[in-house]
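In the numbering used here, the protein residues as written are 17 to 194. Even glycine gets a Cβ: it sits at the ideal position worked out from N, Cα and C. Keep in mind the model is a prediction, meaning the values are calculated, not measured. Report on the following structure.
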Amino acid sequence: MSNTSTAQQQNVIDVTSTEFWQQKQEWAKQMRLQFSRRPEFPETENIIDDEGMLNQQYFEPPKDAVPQSERKWGDEEKQKLLDGIEKYGIGHFREISEALLPEWSGNDLRMKAIRVVGRQNLQLYKDWKGNKDAVKREYERNKEIGLRFGTWKGGALVYDDDGRVLKAIEESNQTCPP
(Lines of atoms letter the chains of each structure in order from A and count residues from 1; the text may use other names and numbers.)
(Lines give C-alpha, C1' and ligand atoms only; values in the text may rest on other atoms or scores of the structure.)
Protein backbone atom coordinates (compact mmCIF):
# COMPACT_ATOMS: atom_id res chain seq x y z
CA MET A 1 0.00 0.00 0.00
CA SER A 2 2.78 2.39 0.82
CA ASN A 3 4.34 1.76 -2.63
CA THR A 4 1.11 2.92 -4.31
CA SER A 5 0.81 6.04 -2.21
CA THR A 6 4.49 6.84 -2.80
CA ALA A 7 3.95 6.45 -6.58
CA GLN A 8 0.85 8.63 -6.41
CA GLN A 9 2.75 11.29 -4.46
CA GLN A 10 5.48 11.32 -7.11
CA ASN A 11 2.88 12.01 -9.85
CA VAL A 12 1.33 14.95 -8.01
CA ILE A 13 2.23 18.26 -9.63
CA ASP A 14 2.56 21.26 -7.37
CA VAL A 15 1.02 24.04 -9.47
CA THR A 16 1.87 26.57 -6.79
CA SER A 17 5.62 26.02 -7.16
CA THR A 18 7.82 28.53 -8.95
CA GLU A 19 9.51 25.65 -10.80
CA PHE A 20 6.18 24.53 -12.30
CA TRP A 21 5.43 28.01 -13.66
CA GLN A 22 8.97 28.46 -14.98
CA GLN A 23 8.69 25.17 -16.86
CA LYS A 24 5.30 26.15 -18.21
CA GLN A 25 6.60 29.54 -19.37
CA GLU A 26 9.61 27.91 -21.02
CA TRP A 27 7.31 25.45 -22.81
CA ALA A 28 5.12 28.36 -24.04
CA LYS A 29 8.20 30.21 -25.33
CA GLN A 30 9.36 27.13 -27.23
CA MET A 31 5.90 26.68 -28.78
CA ARG A 32 5.86 30.33 -29.85
CA LEU A 33 9.32 30.00 -31.40
CA GLN A 34 8.22 26.90 -33.25
CA PHE A 35 4.79 28.04 -34.47
CA SER A 36 4.37 31.84 -34.30
CA ARG A 37 6.78 32.96 -37.00
CA ARG A 38 5.68 31.77 -40.41
CA PRO A 39 7.87 32.55 -43.43
CA GLU A 40 4.84 32.63 -45.73
CA PHE A 41 3.37 35.44 -43.59
CA PRO A 42 5.99 38.19 -43.22
CA GLU A 43 3.79 40.11 -40.80
CA THR A 44 4.35 37.37 -38.20
CA GLU A 45 8.08 38.16 -37.97
CA ASN A 46 7.54 40.69 -35.15
CA ILE A 47 5.00 38.79 -33.03
CA ILE A 48 7.70 37.45 -30.71
CA ASP A 49 11.32 38.27 -29.95
CA ASP A 50 14.22 35.87 -30.51
CA GLU A 51 13.71 34.31 -27.06
CA GLY A 52 10.01 33.52 -27.61
CA MET A 53 8.57 36.35 -25.54
CA LEU A 54 5.53 38.17 -26.89
CA ASN A 55 6.17 41.57 -28.44
CA GLN A 56 3.43 43.61 -26.77
CA GLN A 57 3.84 46.46 -29.28
CA TYR A 58 2.82 44.09 -32.08
CA PHE A 59 -0.65 43.80 -30.53
CA GLU A 60 -1.21 47.55 -30.06
CA PRO A 61 -3.36 49.33 -32.64
CA PRO A 62 -1.39 51.25 -35.29
CA LYS A 63 -0.68 54.87 -34.42
CA ASP A 64 -2.84 56.07 -37.32
CA ALA A 65 -5.77 53.82 -36.34
CA VAL A 66 -9.05 55.63 -35.88
CA PRO A 67 -11.01 54.35 -32.89
CA GLN A 68 -14.40 52.98 -33.85
CA SER A 69 -17.32 54.95 -32.57
CA GLU A 70 -19.61 53.01 -30.31
CA ARG A 71 -22.71 51.78 -32.10
CA LYS A 72 -26.05 51.75 -30.39
CA TRP A 73 -29.04 49.74 -31.56
CA GLY A 74 -32.23 51.65 -31.00
CA ASP A 75 -35.71 52.17 -32.38
CA GLU A 76 -34.41 54.07 -35.43
CA GLU A 77 -32.07 51.22 -36.40
CA LYS A 78 -34.79 48.63 -35.79
CA GLN A 79 -37.16 50.56 -38.07
CA LYS A 80 -34.50 50.72 -40.80
CA LEU A 81 -34.02 46.95 -40.50
CA LEU A 82 -37.78 46.46 -40.82
CA ASP A 83 -37.81 48.76 -43.85
CA GLY A 84 -34.99 46.69 -45.33
CA ILE A 85 -36.82 43.42 -44.72
CA GLU A 86 -39.86 44.87 -46.45
CA LYS A 87 -37.84 46.12 -49.45
CA TYR A 88 -35.08 43.50 -49.85
CA GLY A 89 -36.33 40.48 -47.92
CA ILE A 90 -34.87 38.12 -45.32
CA GLY A 91 -31.43 36.89 -46.28
CA HIS A 92 -30.42 40.09 -48.07
CA PHE A 93 -28.70 41.63 -45.08
CA ARG A 94 -25.66 42.87 -47.01
CA GLU A 95 -27.96 44.89 -49.26
CA ILE A 96 -29.84 46.23 -46.24
CA SER A 97 -26.52 47.15 -44.63
CA GLU A 98 -25.25 48.95 -47.73
CA ALA A 99 -28.50 50.83 -48.36
CA LEU A 100 -29.82 51.59 -44.88
CA LEU A 101 -27.43 50.68 -42.08
CA PRO A 102 -23.83 50.97 -43.32
CA GLU A 103 -22.34 50.96 -39.83
CA TRP A 104 -23.75 47.44 -39.28
CA SER A 105 -22.46 44.42 -41.18
CA GLY A 106 -24.71 41.96 -42.94
CA ASN A 107 -24.00 39.42 -40.21
CA ASP A 108 -24.86 41.99 -37.51
CA LEU A 109 -28.20 42.55 -39.23
CA ARG A 110 -28.85 38.82 -39.58
CA MET A 111 -28.43 38.49 -35.81
CA LYS A 112 -30.77 41.44 -35.21
CA ALA A 113 -33.32 39.91 -37.63
CA ILE A 114 -33.32 36.71 -35.59
CA ARG A 115 -34.58 38.74 -32.63
CA VAL A 116 -37.03 40.78 -34.71
CA VAL A 117 -38.61 37.74 -36.37
CA GLY A 118 -38.20 35.55 -33.30
CA ARG A 119 -36.63 32.55 -35.01
CA GLN A 120 -33.05 31.34 -34.76
CA ASN A 121 -33.05 29.68 -38.19
CA LEU A 122 -34.12 32.11 -40.89
CA GLN A 123 -33.82 29.62 -43.81
CA LEU A 124 -37.58 29.14 -44.17
CA TYR A 125 -37.89 32.93 -44.50
CA LYS A 126 -35.31 33.25 -47.30
CA ASP A 127 -36.38 36.08 -49.63
CA TRP A 128 -39.57 36.67 -47.59
CA LYS A 129 -40.60 40.30 -47.51
CA GLY A 130 -42.92 41.61 -44.87
CA ASN A 131 -43.91 44.95 -43.44
CA LYS A 132 -43.73 45.85 -39.75
CA ASP A 133 -47.11 44.22 -39.00
CA ALA A 134 -46.23 41.01 -40.85
CA VAL A 135 -42.90 40.76 -39.01
CA LYS A 136 -44.73 41.27 -35.70
CA ARG A 137 -47.20 38.47 -36.60
CA GLU A 138 -44.29 36.14 -37.40
CA TYR A 139 -42.63 37.02 -34.11
CA GLU A 140 -45.83 36.24 -32.18
CA ARG A 141 -46.35 32.98 -34.11
CA ASN A 142 -42.76 31.87 -33.43
CA LYS A 143 -43.05 32.82 -29.78
CA GLU A 144 -46.28 30.83 -29.41
CA ILE A 145 -44.67 27.73 -30.94
CA GLY A 146 -41.56 28.18 -28.81
CA LEU A 147 -43.51 28.53 -25.58
CA ARG A 148 -45.68 25.52 -26.47
CA PHE A 149 -42.66 23.25 -26.93
CA GLY A 150 -40.28 24.88 -24.44
CA THR A 151 -37.98 26.01 -27.24
CA TRP A 152 -38.26 29.78 -26.84
CA LYS A 153 -34.68 30.69 -25.93
CA GLY A 154 -33.25 34.19 -25.65
CA GLY A 155 -36.10 35.77 -27.58
CA ALA A 156 -36.05 33.30 -30.47
CA LEU A 157 -37.62 30.00 -31.45
CA VAL A 158 -35.01 27.24 -31.67
CA TYR A 159 -35.49 23.83 -33.23
CA ASP A 160 -35.77 20.65 -31.16
CA ASP A 161 -34.16 17.29 -31.89
CA ASP A 162 -37.53 15.53 -32.31
CA GLY A 163 -38.70 17.66 -35.23
CA ARG A 164 -41.83 18.81 -33.35
CA VAL A 165 -40.97 22.49 -33.84
CA LEU A 166 -40.40 22.12 -37.57
CA LYS A 167 -43.68 20.21 -37.90
CA ALA A 168 -45.52 22.95 -35.98
CA ILE A 169 -43.96 25.62 -38.21
CA GLU A 170 -44.97 23.74 -41.36
CA GLU A 171 -48.53 23.23 -40.08
CA SER A 172 -48.77 26.88 -39.12
CA ASN A 173 -47.48 27.93 -42.54
CA GLN A 174 -50.14 25.78 -44.27
CA THR A 175 -52.99 27.43 -42.39
CA CYS A 176 -51.49 30.94 -42.44
CA PRO A 177 -48.42 31.43 -44.66
CA PRO A 178 -45.96 34.14 -43.66
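| query | result |
| --- | --- |
| Could you round the C-beta distance between ILE112 and GLY146 to whole angstroms and report it? I think they count as a contact, below 8 angstroms. | That belief does not hold up - the Cβ atoms of ILE112 and GLY146 are roughly 13 angstroms apart, past 8 angstroms. |
| Under the DSSP definition of a beta bridge, which residues are partnered with ILE64? | LEU70 |
| Determine, using beta carbons only, whether GLU61 and ARG48 come nearer to each other than 9 angstroms. | no |
| Measure the C-alpha to C-alpha separation of GLY179 and ARG153 and round it to an integer number of angstroms. | 23 angstroms |
| State the CB to CB distance for the pair TRP120 and PRO194, rounded to an integer number of angstroms; the pair is presumed to be in contact (CB under 8 angstroms). | That pair is no contact at about 24 angstroms. |
| Between VAL151 and THR167, how many whole angstroms is the CB-CB distance? I'm expecting something under 8 angstroms. | Going by Cβ atoms, the distance from VAL151 to THR167 rounds to 20 angstroms, so no, they are not a contact pair. |
| Taking DSSP as the reference, what is the three-state secondary structure of LYS169? | strand |
| Determine the direct distance from the alpha carbon of GLU186 to that of LYS142, and round the result to whole angstroms. | 15 angstroms |
| So, at 8 angstroms on beta carbons, what are the nonlocal neighbours of ALA23 in its own chain, with the 5 sequence-adjacent residues on each side left out? | A caution first: ALA23 carries a pLDDT of 49, below 50, which makes its placement in the model unreliable, though a value can still be read off. Closer than 8 angstroms at the Cβ level, and outside the excluded window around ALA23, lies no residue. |
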